[in-house]
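For the sequence shown, the positions run 1 to 315 when UniProt numbering is used.
Backbone N, C-alpha and C fix where the C-beta goes; we use that ideal spot for every residue, glycine too.
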Amino acid sequence: MNTLSHKTFENYINNTNKLNLHNKKEDIYNKLPENINEVPHLILYGNEGIGKYTQALKIISKYSNYNNLKYEKKMTVIYNKEEYIFPISDIHFEVDMSLLGCNSKLLWYEITNQINEVVEIRKNRTAFVMCKNFQNIHHELLEIFYSYMASNILSKVNIKYILLTNSVSFIPYSILNSSLMIPYEIPNKTSLQKIKKHSFDTYTNINLKSLENDINEPQYELKISKYISNLILNNNTDFSHVRETIYEILTCNLNIHSCIYEINKNIFHHISDDKKITILNNSFTFLKHFNNNYRPIYHLENYFYYLLSIVHEYR
Numbered sequence: 001m002n003t004l005s006h007k008t009f010e011n012y013i014n015n016t017n018k019l020n021l022h023n024k025k026e027d028i029y030n031k032l033p034e035n036i037n038e039v040p041h042l043i044l045y046g047n048e049g050i051g052k053y054t055q056a057l058k059i060i061s062k063y064s065n066y067n068n069l070k071y072e073k074k075m076t077v078i079y080n081k082e083e084y085i086f087p088i089s090d091i092h093f094e095v096d097m098s099l100l101g102c103n104s105k106l107l108w109y110e111i112t113n114q115i116n117e118v119v120e121i122r123k124n125r126t127a128f129v130m131c132k133n134f135q136n137i138h139h140e141l142l143e144i145f146y147s148y149m150a151s152n153i154l155s156k157v158n159i160k161y162i163l164l165t166n167s168v169s170f171i172p173y174s175i176l177n178s179s180l181m182i183p184y185e186i187p188n189k190t191s192l193q194k195i196k197k198h199s200f201d202t203y204t205n206i207n208l209k210s211l212e213n214d215i216n217e218p219q220y221e222l223k224i225s226k227y228i229s230n231l232i233l234n235n236n237t238d239f240s241h242v243r244e245t246i247y248e249i250l251t252c253n254l255n256i257h258s259c260i261y262e263i264n265k266n267i268f269h270h271i272s273d274d275k276k277i278t279i280l281n282n283s284f285t286f287l288k289h290f291n292n293n294y295r296p297i298y299h300l301e302n303y304f305y306y307l308l309s310i311v312h313e314y315r
């Protein structure tokens, strides 16, 4: 049985009402339409542990018939003899995209069918579907995800998607262009000290240790990207170091798109415009097909060899 671990919706909202790290976003929330049918799809993005989930609940609670989302139940979906349990309220459904597995395309079809059936019998045939950890969505589902977002036109129900993600670089333009994007920045040290003075319990969705690490030292993606770009620029053909770094990128589940961007940004300071265009064209193709590739280590190695050959004009 696959269960989405969660605490009470009400606890999350009560805690953020005590002290909201992202109170500057209140202006955005207040400008959202009063009528849920007019609310756009939303993308909430920022570092892991920054509190996106709590902020999403805060947005959703505005449209609930129950104060602070006190109504809380579970929805069960049976697929391939496995039981998947999802927390729901009177106004929203939650799905952790990282738990759907390699059959996510077919499983998602079952999940959305059941959501539609539930919403259709409600008085107000509108609901939010919150997709947590959207950065972990399987590529096959990502390719068709926009069709679900756009299907409201022909459907009897009106589903508003809220995507929670650490990054947006991998998301297709069709999804980005049809959504309101709300970024969440890492709070400063003063804000973190305020939180420490409050007796926040385990119901908070804010990872203080993670945020403090993000403030006190460069992000790990930047470090690895700089290391690889320096190897390429210094014409280091001993790629055993790069292979070890690739293992780290994959095992630490770092964002490939961000790493490639940072590597190219570092390299571009040292090469001609013609080489930049060549690399950009190849990078676009690489990123487009990377998730479809078997043996990702091989394809990343091949890409880094390609960069080395362009920078130093190997034949």
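| In whole angstroms, what is the alpha-carbon distance linking residue 33 and residue 39? | 6 Å
| said: Tell me which residues share the same chain as residue 163 and place their Cβ nearer than 6 Å to its Cβ, disregarding the 5 neighbours each side in the sequence. | reply: 43, 131, 134
| From what residue to what residue does the alpha helix (DSSP H) around residue 170 run? | Premise fails: residue 170 is in no alpha helix (DSSP H) and is neither H nor E.
| request: Could you tell me whether the segment 144-157 touches the segment 221-237, where touching means 3 or more Cβ pairs closer than 8 Å? | output: no
| query | Roughly how many angstroms separate the alpha carbons of residue 281 and residue 265, rounded to a whole number? | reply | 14 Å
| When burial is assigned at 16 or more other CB atoms within 10 Å of the CB, is residue 248 buried or exposed? | exposed
| task | In angstroms with no decimal places, state the Cα-to-Cα distance between residue 393 and residue 8. | result | Residue 393 is absent from the model: the chain starts at 1 and stops at 315.
| said: Give me the residue from 243, 223, 269 with the minimum Cα distance to residue 299. | reply: 243
| task | Go to residue 149, then tell me how far its alpha helix (DSSP H) extends in each direction, as first and last residue. | result | 139-150
| task | Pick helix, strand or coil for residue 158, following the three-state DSSP scheme. | result | strand
| query | In chain order, what residues of the same chain have a beta carbon less than 8 Å from the beta carbon of residue 103, not counting five sequence neighbours either side? | reply | 79, 80
| In the structure shown, what three-state DSSP assignment does residue 120 receive? | helix
| message | Assess contact between the segment 13-21 and the segment 44-55, defined as three or more Cβ pairs (one per stretch) separated by less than 8 Å. Is contact present? | response | yes
| With which residues is residue 46 paired in a DSSP beta bridge? | 184
| said: Here's the rule: buried if 16 or more other CB atoms are within 10 angstroms of the residue's CB, otherwise exposed. What is residue 96? | reply: buried
| DSSP three-state call for residue 131: helix, strand or coil? | strand
| field | Residue of 83, 72, 29 minimising C-alpha distance to residue 58 | value | 29
| Top-ranked residue by Cα proximity to residue 288, from 140, 15, 105 | 140
| message | Taking the alpha-carbon of residue 46 as reference, which of 100, 113, 255 has the nearest alpha-carbon? | response | 255
| query | Of the choices 93, 286, 136, whose alpha-carbon is the least far from that of residue 117? | reply | 93
| query | Quick one: what does DSSP say residue 321 is sitting in, helix, strand or coil? | reply | The displayed coordinates of the chain run from 1 to 315. Any statement about residue 321 would go beyond what the structure contains.
| residue 63 to residue 126 span [Cα, whole Å] | 10 Å
| request: Could you tell me how far apart the beta carbons of residue 259 and residue 221 are, in whole angstroms, since I believe they sit closer than 8 Å? | output: 6 Å
| said: Let me make sure I understand the geometry here. Which of 25, 16, 106, 69 has the alpha-carbon closest to that of residue 88? | reply: 69
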